[in-house]
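Residue numbers (the numbering used here): 157 to 482.
Built from N, CA and C at the ideal position, the CB exists for glycine as well.
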């Protein structure tokens, strides 16, 4: 990961988005290839409340840029004040994910977005009605033609493709940690370096799940949060008893900003998260074997948190290309 280069981003395919050094090429499905006009259309739609049944909820209502495109609510509130069951995950480098939602039930980003739009607990969109609304909007009629073809008629399906394209461009890779791995060895403090060493150690095994350029293995684990799981997680998708209580490993990028934590928003601070791992969690038959008492000292806990805060990417949080365009 030590690349020895001060330039932390690289252009890909002459598009307006950039892929950080050390990241693989950003994959786009053949059925939804990239172009700048489609990403810009997706940005407009991401902030548009007319995509919900009652004109009150947009994608951005649960994904705020200043919080790493996550939500500060324990669980998000949908149309008609419907209360969700899970915390809204951060939309960061999501184009590289292998599965979406906490239980991985969506196998494409497009399926995840459509699922959120049509969920009764979220936007509760009627796809026919949304298509009709978009077709009546002269600005969108022009933008859809620019993004797709000159004969395109706006539709919910194409709106989903555009939003997915925009979401894939929400790329974070210029934190102080990234600057360190790209050659600036003076940017991290001694405490932060101790935290990094502890994060990567066999003792904590943090990096065995929060691995790679995006600090996630994209797998599903039970962390021993409970002795009984009312939300059974991955089991709801696979039906396997071994998947009860397993949830997707989230990215740690911008983790300082994305509280509350865990699939149900159980913890409100990083200190609580670290203390959970330090305690070894609760007894549960599917708990990952790596979750065990760590016996961290107060200083080591502080060091770990200091390192985690180096993953905050202020250029991502303040990138005007992601702002509400209206």
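In the structure shown, the three-state DSSP call for residue 176 is strand. In the DSSP assignment, residue 242 falls outside any alpha helix (DSSP H) and carries neither an H nor an E.
Among the bridge pairs identified by DSSP, residue 309 is matched with none.
When C-beta atoms of the region 322-334 are compared with those of the region 188-203, three or more pairs fall below 8 Å, so the two segments count as touching. Counting of Cβ neighbours within 10 angstroms places residue 460 among the buried residues, the total reaching 16 or more. In the displayed model, residue 257 falls within coil according to three-state DSSP, outside both helix and strand.
The beta-bridge partner set that DSSP reports for residue 402 consists of 389. Counting only runs of 4+ residues, the alpha helix (DSSP H) found wholly inside the region 181-248 occupies 192-202, in chain order. According to DSSP, residue pairing for residue 336 in a beta bridge does not occur. Annotated three-state conformation of residue 301 is helix, per DSSP.
Non-local C-beta neighbours of residue 280 in its own chain, meaning closer than 6 Å and more than five positions away in sequence, comprise 209 and 235, ordered along the chain.
With a threshold of 16 other beta carbon atoms within 10 Å, residue 194 meets it and is buried. For the pair residue 338 and residue 330, the Cα-to-Cα distance works out to about 10 Å.
Across the structure, residue 474 and residue 190 are spaced so that their CA atoms are roughly 23 Å apart. For the pair residue 230 and residue 240, the Cα-to-Cα distance works out to about 9 Å. With fewer than 16 other Cβ atoms from the protein chains shown falling within 10 Å of its own Cβ, residue 295 counts as exposed. Short of 6 Å from the beta carbon of residue 470, and not among the five residues preceding or following it, lies no beta carbon of its own chain. Look at residue 280 here: in three-state DSSP terms it is coil, with no helix or strand label. Rounded to the nearest whole angstrom, the C-alpha separation of residue 247 and residue 215 is 11 Å. C-alpha of residue 255 to C-alpha of residue 268: approximately 9 Å in a straight line. With respect to the 8 Å criterion, residue 404 and residue 423 are not classified as neighbours on the basis of their beta carbons.
Considering only 297, 304 and 287, the residue with the shortest C-alpha distance to residue 187 is 304. Residue 410 and residue 249 have their C-alpha atoms roughly 11 Å apart.
Take residue 336, set aside five residues on each side of it, and the residues of its chain with a beta-carbon closer than 8 Å to its own are 343, 344 and 466, in chain order. A residue is called buried when at least 16 other Cβ atoms come within 10 angstroms of its Cβ; residue 270 meets this threshold and is buried. Taking the CA atoms as reference points, residue 354 sits about 7 Å from residue 360. For residue 378, the closest of 419, 408 and 333 by C-alpha to C-alpha distance is 419. With a cutoff of 8 Å on beta-carbon distance, residue 273 and residue 182 are scored as not near each other. Sequence-distant partners of residue 380 (beyond 5 residues in either direction) whose C-beta falls short of 6 Å from its own C-beta, in its chain, are 437, 438, 440, 443 and 447.
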